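Structure record follows, encoded as structure tokens.
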Amino acid sequence: MLPDRAKLATVTDAVIVGAGPCGMFQVFELGLLGLKCELIDSLPAIGGQCTELYPDKPIYDIPAVPVCTARELIERLQEQIKPFGAGVHLGQEVTSVAKREDGRFDVETSRGARFDAGTVVIAAGVGSFQPRKLSVPDADKHEGTAIHYRVKDAEAFRGKDLVILGGGDSALDWTLQFAETANSVVLIHRRAEFRAAPASVERMFALREEGRCDFMEGTVQGLVEDNGALRALKVAGRDGITRSVSLDQLLVFWGLSPKLGPIATWGLQLNRKTIPVDTQRFQTNVPGIFAIGDINDYPGKKKLILSGFHEAALAAFSVKEYLQPGQKVHLQYTTTSPLLQKRLGVTGESTESLGSARTG
Ligand SMILES: Cc1cc2nc3c(=O)[nH]c(=O)nc-3n(C[C@H](O)[C@H](O)[C@H](O)COP(=O)(O)OP(=O)(O)OC[C@H]3O[C@@H](n4cnc5c(N)ncnc54)[C@H](O)[C@@H]3O)c2cc1C
């Protein structure tokens, strides 16, 4: 009989904390060695910094890819890791990692998902991205009811009086969308210069001319409540006058900032916001927990995607060694190994023989 904990948890060889480019490539390297893994990220989409911070920027230093956008890189990685069928769990932070007496790990996420993992690979980059929050008194009290940092269900805002804060793409895109469905939309930004796409800004001003949305330059000074319900914002305008802007719902899109978050509580040795590792195994001070990509630290570390790819390859061999101690792991080439080709799903051959593979 399995204990209750094991019955509830997903059993896997490795949990990868962070689905940025390095965490994604870790799936590939573990998959080649026949290991199963689960990939978890606090963001709602895979790709880490590439997706979140610079999806349309060109990258020129990925070996053998002279140029591709960050979004394309993530799409290619997604394609490359497909054969290994890793479980992908987005929109949830890994909150707890606890080592058990048998050397395996109990891992839990903010959504209550549980994993019984042979190893943990931390590929958490610069940390877990969190929305920048409105910091006026009592704002936290209304979070999830009248104040939102993400739109989970656009229909919930239909027919409402909305105020949207921000000047980036999310703020402008939602202003344009809600101008169609809400009762009223007021966009508030501290100045009339925007980070959002110029076409969206132009469209917002056109809608304002038509009276379908409004725009105010100003900064939020406080909340106005009535019987505990949020009724309005106090907004100081550029002209120095503080006005009350009434609302049903407030949407804040001030971007995301990375926080090391719960990783700091997992008993790992830290060096500021990075995790020291050795360069042979990419293992942390806790045997069985590895760290790759921007989050790790060792002499000569360079925070580049290609460095993280190399680290993922070596970490995969160390994961295998941790799971099967004393068992020799052969280096094989994808070009010539029927076993690797079978794992990649690129051959019909079903041999598990290593006969024709190069070993090292
Ligand atoms: C503007 C810009 C341009 C760049 N250009 C280049 C370039 O040209 N070439 C290059 O090589 N590099 C470039 N970089 C750097 C490159 O993006 C990073 O080196 C790379 O993203 C690191 O990948 P990663 O997988 O280690 O981490 P990240 O991409 O940071 O991904 C880490 C992920 O882990 C998640 N996470 C963290 N903690 C948790 C937790 N507790 N639970 C769940 N999820 C968690 C985060 O949400 C995040 O999605 C650039 C960076 C920026 C900002």
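Read in order, the letters of the sequence shown correspond to residues 11 to 370 in my numbering. Quick reminder that beta carbons are idealized off the backbone N, C-alpha and C, glycines included. Values in this document were obtained by computation on a predicted structure and should not be read as measured data.
- At a threshold of 8 angstroms, Ile-315 counts as near ligand 1, since its beta carbon sits closer than that to one of the ligand's heavy atoms.
- The criterion of a C-beta distance shorter than 9 angstroms is satisfied by Thr-22 and Phe-125.
- Relative to Ala-239, the option among Arg-253, Gly-221 and Leu-260 whose CA is nearest is Leu-260.
- Apart from the 5 residues on each side of it in sequence, His-158 sits with its Cβ closer than 6 angstroms to the Cβ of Leu-261 in its chain, given in chain order.
- For Asp-224, the uninterrupted beta strand (DSSP E) run begins and ends at 224-236, by DSSP.
- Excluding five sequence positions before and after Pro-286, the CB atoms of its chain that fall closer than 6 angstroms to its own CB belong to Gln-279 and Asp-307, given in chain order.
- Under the three-state reduction of DSSP, Glu-118 is assigned to strand.
- A distance below 9 angstroms separates the beta carbons of Ala-181 and Phe-263.
- Taking 9 angstroms as the cut-off, the beta carbon of Leu-314 is found closer than this to the beta carbon of Asp-71.
- Residue pairing by DSSP places Asp-307 opposite Pro-286 in a beta bridge.
- Distance from the CA atom of Asp-183 to the CA atom of Gly-44, rounded to whole angstroms, is 43 angstroms.
- Counting along the chain, the unbroken beta strand (DSSP E) around Phe-125 starts and ends at 124-132.
- Secondary structure of Glu-48 (DSSP, three-state): strand.
- Comparing C-alpha distances from Lys-162 to each of Gly-101, Gly-122, Asn-193 and Val-107 shows the shortest one belongs to Gly-101.
- Going by C-alpha positions, Ile-251 is about 56 angstroms away from His-320.
- Inter-segment contact for the segment 43-60 and the segment 120-137 is present: three or more beta-carbon pairs are separated by less than 8 angstroms.
- Taking C-beta separations shorter than 8 angstroms and ignoring five residues to either side along the sequence, the partners of Ala-207 in its chain run Asp-179 and Leu-182, following chain order.
- Taking C-alpha positions only, Gly-30 is separated from Arg-253 by approximately 42 angstroms.
- Beta-bridge partners assigned by DSSP to Cys-78: Ile-69.
- When C-beta atoms of the segment 36-55 are compared with those of the segment 87-101, three or more pairs fall below 8 angstroms, so the two segments count as touching.
- As a beta-bridge residue in DSSP terms, Ser-194 pairs with Asp-171.
- Measuring C-alpha to C-alpha distances from Val-27 to each of Asp-304, Asp-51, Arg-241 and Ala-74 identifies Asp-51 as the nearest.
- Ligand 1 never approaches Lys-338 closely enough for any of its heavy atoms to be under 8 angstroms from the residue's Cβ.
- Contact between the segment 181-201 and the segment 282-299 is absent: fewer than three C-beta pairs spanning the two stretches fall below 8 angstroms.
- Under the DSSP definition of a beta bridge, Phe-300 partners with Val-131 and Gln-293.
- Annotation: Ser-317 to Cys-32 spans about 9 angstroms, alpha carbon to alpha carbon.
- By the beta-carbon neighbour count (other beta carbons within 10 angstroms, threshold 16), His-340 is exposed.
- If you look at Arg-213, you'll find it isn't in any beta strand (DSSP E); it sits in the alpha helix (DSSP H) that goes 208-219.
- Put simply, of Val-130, Ser-120, Pro-54 and Phe-215 the residue whose alpha carbon is nearest the alpha carbon of Gly-113 is Val-130.
- With 16 or more other Cβ atoms from the protein chains shown falling within 10 Å of its own Cβ, Pro-268 counts as buried.
- In this structure, Asp-116 sits near Ala-127, with a CB-CB distance shorter than 9 angstroms.
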